[in-house]
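Working notes for the structure below.
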Amino acid sequence: MFFRPLVILFAFLVLPAFSFWSGVDYAQNASLQKSTGEDFIKYLGSKIDAKAIKELLVIGVGTGQNLPLLLEVFPNAVIQGDEPSQSMASCTQSLYADNPRVKIDVRAAQDIQAKDSYNMVFSSYVLHWISREDITKVFSLVNSSLKPQGIFVSKFANNNMIPDIYNRFATIGAKQKYKAALADFVSPMSHHDLTFIVEQLTSNGFLIQEIHFRRDPYIFDDRDSFARALKQWLPRYIHIKKTAPDLADAYIEEYIDEFLVDSMQESGGKVITTVPIIEFIATKR
Ligand SMILES: C[S@@+](CC[C@H](N)C(=O)[O-])C[C@H]1O[C@@H](n2cnc3c(N)ncnc32)[C@H](O)[C@@H]1O
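Next comes the structure, spelled out in C-alpha cells:
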C-alpha cells in the first residue's frame with residue numbers, strides 16, 4: 001500500500017515531460033483530436049486489409065478516445081495501448097479493465113521493447129511530442145516491433161508550417177512580465193517536416209506507401225472552449241502555471257489574441273482554424 005506514492009514520485013522524476021498530460025481534463029477538451037483521429041482510422045480501414053490486423057500497438061493511446069473505432073475497424077485486433085502519462089493511462093485502464101481485446105501499459109515510445117510482435121503500429125497526435133533525436137530511435141524500435149510486412153501508420157501536427165506563429169509566441173514569452181516565469185522553459189514540442197519524416201522512415205527500414213500533407217479543421221464553440229483546450233497542452237502555459245500561476249490566464253489571453261491575428265477567424269462566436277498535419281502509411285521492408 002505505502003509504496004504507491006513512491007511509484008508515483010518515481011514516475012514524475014523519470015517522466016517529467018509527460019507529467020502535464022492530465023487524463024480527466026484531456027478527455028473533456030480533446031474532441032478535435034478524437035474526430036480527426038477517427039477520420040484517419042476510417043481512411044486506414046479503406047486502404048488496409050483490416051481483418052488481417054491481429055496485433056495492434058497504439059503509441060500514446062492517451063485517454064483511449066480512438067480505441068472504440070480502432071476496435072470496430074480492425075475487428076480481429078487485440079490492442080496494446082502504450083501511454084507514458086500515468087494520469088492518461090489510468091483513465092484508459094479503468095475504461096477497458098474488462099475488455100480482453102485491450103491492454104494498457106505506462107510506457108513511452110522510446111521504451112518499446114517488443115520484437116516481431118505487431119501487424120500494425122498506430123499513433124495519432126503523438127510524434128510532435130517526441131524530439132527529432134528520439135524519432136530516429138522510436139522509428140527503429142517500431143520497425144523491430146513489427147512482424148515482416150507490418151504496417152506503421154501515424155498522423156501528427158506539422159507545427160512549423162504555421163507561418164511565423166512560433167516566433168510570435170516566443171515574442172509574447174519574451175515580454176518582461178513573463179520573462180522570469182519562462183526563464184528555464186524548454187519546449188517539449190518538435191517540428192518534423194515532410195523531408196525529415198521521409199528520411200527517417202526510409203533510413204529505419206520502412207517503405208512509404210502514402211504520405212499526405214493535410215489540414216485538420218479546428219472549430220471551437222467560443223473563445224473559452226479554445227482557451228480550455230489550449231490549457232491541456234500548450235507547453236508555455238503549463239510552465240507558467242507552475243512558475244507564476246497568477247500570470248497564466250493573462251498569457252493564454254495574449255496567446256489567443258496573437259493566434260487569431262493570422263491563423264484563425266472568429267465567426268458567429270466560433271473560433272475557426274486549421275492545423276497542418278502529416279499522415280503516413282509505411283510498411284516494414
Ligand atoms: C494530444 S495527446 C494524443 C492522445 C491520443 N492519441 C488522442 O488522439 O487522443 C498526446 C499524447 O502523446 C503522449 N506522448 C507524449 N510523449 C510521448 C512519447 N514519447 N511516447 C509516447 N507517447 C507520448 C502524451 O502522454 C499524450 O497522451
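Under my numbering, think of the first position of the sequence shown as 1, with each following residue one higher.
Cβ coordinates follow ideal geometry from the N, Cα and C atoms, glycine included.
**Asked** Quick one: what does DSSP say Ile-211 is sitting in, helix, strand or coil?
**Response** The count along the sequence shown starts at 1 and reaches residue 211 at position 211. DSSP, read as helix, strand or coil, puts Ile-211 in strand.
*Mark His-212 as exposed unless 16 or more other C-beta atoms lie within 10 angstroms of its C-beta, in which case mark it buried.*
Residue 212 sits at position 212 when you count from the first residue of the sequence shown. If you draw a 10 Å sphere on the C-beta of His-212, you find fewer than 16 other C-beta atoms in it, and that means exposed.
Sheet register partners of Leu-57 (DSSP bridge): Residue numbering aside, residue 57 sits at position 57 when the sequence shown is read from its first letter. For Leu-57, which the question treats as bridged, DSSP gives the partners Gln-80, Val-121.
Margin query: Please report the straight-line C-alpha distance between Arg-285 and Ala-52, rounded to a whole angstrom.
Written below: Here residue 285 corresponds to residue number 285 of the sequence shown, with the count starting at 1. Here residue 52 corresponds to residue number 52 of the sequence shown, with the count starting at 1. One C-alpha to the other measures close to 18 Å.
- Task: Return yes when the C-beta of Pro-84 is under 6 Å from any heavy atom of ligand 1, and no when it is not.
- Result: For the purposes of this step, residue 84 is taken as the residue at position 84 of the sequence shown. Because some heavy atom of ligand 1 lies under 6 Å away, the Cβ of Pro-84 counts as near it: yes.
| query | For the beta strand (DSSP E) that Gln-86 lies in, which residues bound it at each end? | reply | As a first step, residue 86 must be located in the sequence shown, where it is residue number 86. Element bounds for Gln-86: not the beta strand (DSSP E) but the alpha helix (DSSP H), 86-95.
Supposed contact pair Phe-152 and Ala-282 - C-beta distance, whole angstroms, cut 8 Å:
Reading the sequence shown from its first residue, position 282 is the one you call residue 282. Reading the sequence shown from its first residue, position 152 is the one you call residue 152. About 5 Å separates the two Cβ atoms, so the contact holds.
Fill in: Under 7 Å between C-beta atoms of Leu-207 and Met-120
Locating residue 207 in the sequence shown gives position 207, where the first residue counts as 1. Locating residue 120 in the sequence shown gives position 120, where the first residue counts as 1. The answer is no: Cβ separation not under 7 Å.
- Using a Cβ-Cβ cut-off of 7 Å (strictly less than) and excluding sequence neighbours within five positions of Gln-209, which residues of its own chain qualify? Mapped onto the sequence shown, residue 209 falls at position 209. So the list reads Ile-281, Ala-282, Thr-283, once near-sequence residues are dropped.
Assign Pro-245 to buried or exposed, taking buried as 16 or more other Cβ atoms, counted over all protein chains shown, within 10 Å of its Cβ. Reading the sequence shown from its first residue, position 245 is the one you call residue 245. Exposed, by the Cβ-count rule.
- Could you give the DSSP three-state label for Pro-245: helix, strand or coil? Locating residue 245 in the sequence shown gives position 245, counting from the first residue. In this structure, Pro-245 counts as helix in the three-state DSSP scheme.
For the beta strand (DSSP E) that contains Ile-278, what are its first and last residues?
Along the sequence shown, one-based indexing puts residue 278 at 278. Residues 270-284.
Any 3 or more C-beta pairs closer than 8 Å across the stretch 79-95 and the stretch 176-191:
Touching, no.
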